[in-house]
Amino acid sequence: MGTVGQKQENKCHKCGDKWFRGHQCQQKGLHLVEAEEGAWPDESTDEEDKWQQLEDEPNVDITEHDESEGVQVSLHAIGEVNSIDLIKIKGEVHGFPIIALVDSGSTHSFISPKVIQKIGIIPEHITPMSITVANGAKMQCKLECKDLKWKLQDQEFQFNLKVMDMGVYEMLLGGDWMRSVGPVLLDFKNLTLGLRRDSKKLKFQGVGRKASVRVIVGQELEPTIQKGELCFISQSYLLPTEYQAAMLPKSLHNLIDRYQDLFQEPKELPPPRNHDHNIPIKEGSDPVNLRPYRYSHTQKDEVEKIVEELLNASIIRPSSSPFASPALLVKKKDGTWRMCIDYRKLNSITIKNKYPIPIVDDLLDELKGAQIFSKIDLRSGYHQIRVKEEDVYKTAFRIHFGHFEFRVMPFGLTNAPASFQNLMNDVFKEELRKSVLVFFDDILVYSRNLEDHIKHLEKVFSKLRKHKLYAKMSKCAFGMGQVEYLGHIITKDGVATDPSKIEVMVNWPKPKILKELRGFLGLTGYYRKFIKSYGTISKPLTDQLKKNGFMWNESAEKAFEKLKQAMTSAPVLALPDFKKPFILETDACDIGVGVVLPQEGRPIAYLSKVLVKHFLSICRFAKQHRNL
1 MGTVGQKQEN KCHKCGDKWF RGHQCQQKGL HLVEAEEGAW PDESTDEEDK
51 WQQLEDEPNV DITEHDESEG VQVSLHAIGE VNSIDLIKIK GEVHGFPIIA
101 LVDSGSTHSF ISPKVIQKIG IIPEHITPMS ITVANGAKMQ CKLECKDLKW
151 KLQDQEFQFN LKVMDMGVYE MLLGGDWMRS VGPVLLDFKN LTLGLRRDSK
201 KLKFQGVGRK ASVRVIVGQE LEPTIQKGEL CFISQSYLLP TEYQAAMLPK
251 SLHNLIDRYQ DLFQEPKELP PPRNHDHNIP IKEGSDPVNL RPYRYSHTQK
301 DEVEKIVEEL LNASIIRPSS SPFASPALLV KKKDGTWRMC IDYRKLNSIT
351 IKNKYPIPIV DDLLDELKGA QIFSKIDLRS GYHQIRVKEE DVYKTAFRIH
401 FGHFEFRVMP FGLTNAPASF QNLMNDVFKE ELRKSVLVFF DDILVYSRNL
451 EDHIKHLEKV FSKLRKHKLY AKMSKCAFGM GQVEYLGHII TKDGVATDPS
501 KIEVMVNWPK PKILKELRGF LGLTGYYRKF IKSYGTISKP LTDQLKKNGF
551 MWNESAEKAF EKLKQAMTSA PVLALPDFKK PFILETDACD IGVGVVLPQE
601 GRPIAYLSKV LVKHFLSICR FAKQHRNL
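Counting from 1, one number per residue, gives the positions in the sequence shown under full-length UniProt numbering.
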C-alpha cells in the first residue's frame, strides 16, 4: 500500500519510484485468495438413483469448450487452494504410480513434466497455448503427450495430455477427458468418480485427506497492521506421504526404506581405509607458513561459527604444526558463507598424483540400452575420506584466534580429486561400466528395466553401507526415465544438453574483457560435440584470444549471437552401439573441416576445427582427407 508521503511526492504507490503517465510498476501484485468450504449437498439419494440421474442428466455440467476462449484451469489444479472436497484417484503411468486430480473446473487435461521425465517419454511440441488460472494468472503450455496410456486403479485409458507443472498433482483430468468418456458422476462427499464403460458401472474411490490449511480473511489482519507498513503472508505445508510415495514404484520405495541409514548425517569420523589421503612433499621443501588473511568484523564472527561447527564434528582439531595456510570466506549462492583454505603454496610443493580422472564423454558412451536411471550424490564427499595420520599436520591452517588441522580430506588440496576417484573406483570396481558410472561423488546407476534396476541399486546401497559412505537424499533421484548427470540430460533415446546451462549461455552478456569471453567459450565448449561446425562458428571469437587480439568487432558480435542460437537448437545425440558399424562423414570449407559420426541415421557427435594458415590453400578433397 502507498503512504501519504508517497502521494504528495508523486511516487508510485507500490514500488515507490517516481510516477508519470505510462509508468510501468515493477512491483509484483499481492493476491489474497479466500476459500470458503460450502455445506455438503443432501446425499440421501441411494446409489441406484444416482446412476439413474447420471443416465438422464450428468450431475457435472461440462460444456463444449471454445478454443478461442483459451485454456482455463482451476486453483485446485495448481495446488493454490487445498480443499477436502477434491477427488484424487490413485493410478499409474507406464508402471509409475501417480495421483490424478479429477477437476471439472479445468477445461483441459494435463500431466506433470516430472512424471514425463520419470517414464522417459519425450512429448511433442505444439503451438504455445495460453492458460488462464482462476485467479487471473497466465501460464503457457508448449508440450503435449499424444495418445498417452495410463491407468486409474485397474482401468486403462488413453488420451492427449498437455504438459504443465501442477505442484502436488501428477495428473489433472479436466473437462475434455470427461466429455470423451461420457457422462460422469462426481460424488464429493464420498470422493468417488462414477462413469459407464462398455455398459458396466465403474466407480473409482478417491484418496481422502483432511484440510490442513486455515485461510486468513483479509479483515482479520486489519487491526494488527499500521498504515504504511509492508505485510507478507506465507503458507507452508508438508507434502503428504501419499504423494511422496506415489512418485516411486513400491519395490523401489521399499528398497530405499531398508537403507535409510545411508541418507543420515554421519555421526562419527569415516573409518581408516587403504585410500586415505596422503600429502607427499617434494624433497628439500620447507614447511608452508603464511600469515592469516584479515577479515571484517562480521566475517570474524562467521569464521568463529564455522570453526566451532567443524570442531564439534571432529572434522578439525587444534594444531601445533609447523605448517600454516591461510583461510578465507567465500559467499555461497544462498547468502551464507563457506570457509576455504588457501592451499596454493602447499600444492606447489606437493608431488602430484597422476591417477586418471574419468572423461565425461567416455562415461556417457556406456549408457546405450539403459532405460531407467538413479543418481546418488554423496554428502560432503571429501569429508568422507580421512587424511593419513602422518600427514594431518600438513593440512594446518591459521585464523585470527587459533591454529587447526584437518582430520578428513579438505577441499583445495591438489591430489584430493585423485584420492576420491581412486576410492570410488575401488568400491565399485565390479559394477563399473556394467551398471554404475562414477565421477567423484556423483554416482549413476543405470539398467534396462525396473527389475534389474532394483538389483543394481541394492548392490550399490550395500557397498555404500559397507564402506560407511553417506548420500544426501535431497540431491538424489531414483527410478528416473530421464536424469541430469554431469551437465547432460540422459534418456533411453540419447543424451541432450541441460536447458539450465543453455539458458545461462543465451543470457550471457556481451563480453567486455578477455576473462568474460573465456568464460563464455569455456561454457559453450563443454557442449561442442552437439554443435555442427562449432569450430568455424566460434573462429571470430577464438581469434580474440590471441595476444593483444581482444577487440570486439562486428564479426565477433555475429559469431557470439550465432553460437548462442546454435546452442538453443542442439539435437539429442544418440548413444553409440559398439556392436554395430559406424559411419564417418566429413566436410570442409574455406577455413575449416568438420566431421559427423552418425549411427543408423542419428548423430552421435560432431567435431570441427579451424585449419592453420598452411592448409588453407589446399583443395577441398585434400582438406577432407586430412580431416580423416
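We put the CB at the ideal spot given by N, CA and C, even for glycine.
For clarity, every value in this text was computed on a predicted model and none was experimentally measured.
Proximal residues to Ile-341 (C-beta, below 7 Å), its chain only, five neighbours per side dropped:
Counted from its first residue, the sequence shown places residue 341 at position 341. The beta carbon of Ile-341 is closer than 7 Å to those of Ser-325, Ala-327, Phe-397, Pro-410 and Gly-412 in its chain, skipping five residues each way along the sequence.
Along the beta strand (DSSP E) that carries Asn-160, what are the first and last residues, could you check?
Here residue 160 corresponds to residue number 160 of the sequence shown, with the count starting at 1. Run containing Asn-160: 155 to 163, per the beta strand (DSSP E) assignment.
Residues bridged to Thr-586 [DSSP beta-bridge criterion]
Here residue 586 corresponds to residue number 586 of the sequence shown, with the count starting at 1. Under DSSP, Thr-586 shares a beta bridge with Val-595.
If you draw a straight line from the C-alpha of residue 688 to the C-alpha of Phe-110, how long is it?
Only positions 1 to 628 of the chain appear in this structure, which leaves residue 688 out of reach.
State the beta-bridge partners of Thr-336 as determined by DSSP.
By one-based count along the sequence shown, residue 336 stands at place 336. As far as DSSP is concerned, Thr-336 takes part in no beta bridge.
To the nearest angstrom, how far is the alpha carbon of Thr-414 from that of Met-551?
Here residue 414 refers to the residue found at position 414 of the sequence shown. Here residue 551 refers to the residue found at position 551 of the sequence shown. If I take the Cα positions, the gap works out to 36 Å.
Along the alpha helix (DSSP H) that carries residue 629, what are the first and last residues, could you check?
What the structure shows of the chain is the stretch from 1 to 628, and residue 629 is not part of that stretch, so it cannot be assessed.
When the distance is taken between beta carbons, is Pro-571 closer than 8 Å to Pro-598?
For the purposes of this step, residue 598 is taken as the residue at position 598 of the sequence shown. For the purposes of this step, residue 571 is taken as the residue at position 571 of the sequence shown. Not closer than 8 Å, so no.
Give the DSSP-derived three-state secondary structure of Gly-522 in the structure shown.
The residue labelled residue 522 in the question sits at position 522 within the sequence shown. Gly-522 sits in a helix when the DSSP states are folded into three classes.
Measuring CB to CB, does Leu-523 end up less than 8 Å from Val-504?
Reading the sequence shown from its first residue, position 523 is the one you call residue 523. Reading the sequence shown from its first residue, position 504 is the one you call residue 504. Cβ distance < 8 Å, so Leu-523 and Val-504 count as in contact.
Going straight from the alpha carbon of Ile-513 to that of Leu-437, what length do you get?
As a working mapping, residue 513 is identified with position 513 in the sequence shown. As a working mapping, residue 437 is identified with position 437 in the sequence shown. Rounded to whole angstroms, Ile-513 to Leu-437 spans 38 Å at the Cα level.
Just how far apart, CA to CA, sit Leu-148 and Asp-441?
Sequence index remark: in the sequence shown, residue 148 carries index 148 (1-based). Sequence index remark: in the sequence shown, residue 441 carries index 441 (1-based). C-alpha separation (whole angstroms): 37 Å.
Tell me which residue opens and which closes the beta strand (DSSP E) that Glu-484 is part of.
Position 484 of the sequence shown, counted from the start, is the residue given in the question as residue 484. Counted as a single uninterrupted DSSP element, the beta strand (DSSP E) harbouring Glu-484 occupies residues 482 to 485.
Buried versus exposed, by CB contacts within 10 Å (16 or more), Arg-379
The residue you call residue 379 lines up with position 379 of the sequence shown. Buried: at least 16 other Cβ atoms inside 10 Å.
Output needed for Met-164: all residues of its chain with C-beta closer than 6 Å, excluding positions within five of it in sequence on either side, in chain order.
Residue mapping note: residue 164 aligns to position 164 of the sequence shown, counting from 1. If the five residues before and after Met-164 are omitted, its C-beta is found closer than 6 Å to the C-beta atoms of Phe-110 and Cys-141, all from its own chain and listed in chain order.
Where Pro-128 falls: helix, strand or coil (DSSP):
Position 128 of the sequence shown holds residue 128. Here DSSP, grouped into helix, strand and coil, assigns Pro-128 to strand.
Contact defined as beta carbons within less than 8 Å: I believe Leu-143 pairs with Pro-123. What is the distance between those atoms, to the nearest angstrom?
Position 143 of the sequence shown, counted from the first residue, corresponds to residue 143. Position 123 of the sequence shown, counted from the first residue, corresponds to residue 123. So it is a contact: roughly 4 Å between Cβ atoms.
Does the Cβ-Cβ distance between Pro-292 and Ile-399 come in under 8 Å?
Walking along the sequence shown from the start, residue 292 turns up at place 292. Walking along the sequence shown from the start, residue 399 turns up at place 399. Yes, the pair counts as a contact, with Cβ atoms nearer than the cut-off.
Where His-453 and Asn-160 are concerned, what is the direct C-alpha to C-alpha distance, given to the nearest angstrom?
Locating residue 453 in the sequence shown gives position 453, counting from the first residue. Locating residue 160 in the sequence shown gives position 160, counting from the first residue. Each residue's alpha carbon lies about 30 Å from the other.
For Pro-318, does the count of other Cβ atoms within 10 angstroms reach 16, so buried, or fall short, so exposed?
Against the sequence shown, residue 318 aligns to sequence position 318. So Pro-318 counts as exposed.
From Ala-471 to Lys-354, what does the alpha carbon distance come to, in whole angstroms?
What you label residue 471 is simply residue 471 of the sequence shown in a count that begins at 1. What you label residue 354 is simply residue 354 of the sequence shown in a count that begins at 1. Spanning the two alpha carbons is a distance of roughly 27 Å.
In DSSP terms, what Met-171 is bridged to
Locating residue 171 in the sequence shown gives position 171, where the first residue counts as 1. Paired residue(s): Ala-100 and Ile-111.
So, helix, strand or coil for Lys-151, using DSSP?
Translated into the one-based positions of the sequence shown, residue 151 becomes position 151. If DSSP states are grouped into helix, strand and coil, Lys-151 belongs with the strands.
By the three-class DSSP mapping on this structure, what secondary structure does Asp-286 have?
The residue given as residue 286 occupies position 286 in the sequence shown. In the structure shown, Asp-286 sits in coil (DSSP, three-state: anything other than H, G, I, E or B).
Need the endpoints of the beta strand (DSSP E) that Gln-205 sits in, please.
Here residue 205 is taken as the residue at index 205 of the sequence shown, counted from 1. Residues 200 to 205.
Buried or exposed by the 16-neighbour rule on C-beta atoms within 10 Å, applied to Thr-536:
As a working note, residue 536 is residue 536 in the sequence shown. Thr-536 comes out buried.
Check His-403 in the structure and name its three-state DSSP category.
Position 403 of the sequence shown, counted from the first residue, corresponds to residue 403. Here DSSP, grouped into helix, strand and coil, assigns His-403 to strand.
Would you grab the beta carbon distance between Glu-170 and Val-115 for me? Rounded to a whole angstrom, and I think it's under 8 Å.
Locating residue 170 in the sequence shown gives position 170, where the first residue counts as 1. Locating residue 115 in the sequence shown gives position 115, where the first residue counts as 1. At roughly 5 Å, the Cβ-Cβ gap stays under 8 Å, so Glu-170 and Val-115 are in contact.
Out of Gly-402, Arg-197 and Glu-92, which has the shortest C-alpha to C-alpha gap to Leu-248?
Stepping through the sequence shown from its first residue, residue 248 is reached at position 248. When each option's Cα is compared against that of Leu-248, the closest is Glu-92.
Would you report the Cα separation of Ser-296 and Glu-431, rounded to the nearest angstrom?
In the sequence shown, the residue the question calls residue 296 occupies position 296. In the sequence shown, the residue the question calls residue 431 occupies position 431. So the alpha carbons of these two residues sit roughly 50 Å apart.
Sheet register partners of His-277 (DSSP bridge)
The count along the sequence shown starts at 1 and reaches residue 277 at position 277. Val-387, per the DSSP bridge assignment.
Got a sec, what are the start and stop residues for the alpha helix (DSSP H) Leu-573 sits in?
Taking the sequence shown and counting its residues from 1, one reaches residue 573 at position 573. Counting along the chain, Leu-573 sits inside no alpha helix (DSSP H), nor does DSSP assign it H or E at all.
Does DSSP put Leu-193 in a helix, in a strand, or in coil?
Along the sequence shown, read from residue 1 onward, the residue named residue 193 stands at position 193. Residue state, collapsed to three classes: strand.
Boundaries (first-last residue) of the beta strand (DSSP E) holding Asp-362:
Residue numbering aside, residue 362 sits at position 362 when the sequence shown is read from its first letter. For Asp-362, no beta strand (DSSP E) segment is defined; the enclosing uninterrupted segment is the alpha helix (DSSP H) at 360 to 364.
When burial is assigned at 16 or more other CB atoms within 10 Å of the CB, is His-277 buried or exposed?
Taking the sequence shown and counting its residues from 1, the one referred to as residue 277 is at position 277. When all chains shown are included, His-277 counts as buried.
Given that a residue counts as buried once 16 or more other Cβ atoms are within 10 Å of its Cβ, and exposed if not, what is Asp-286?
Within the sequence shown, the letter at position 286 stands for residue 286. Asp-286 is exposed by the Cβ-count criterion.
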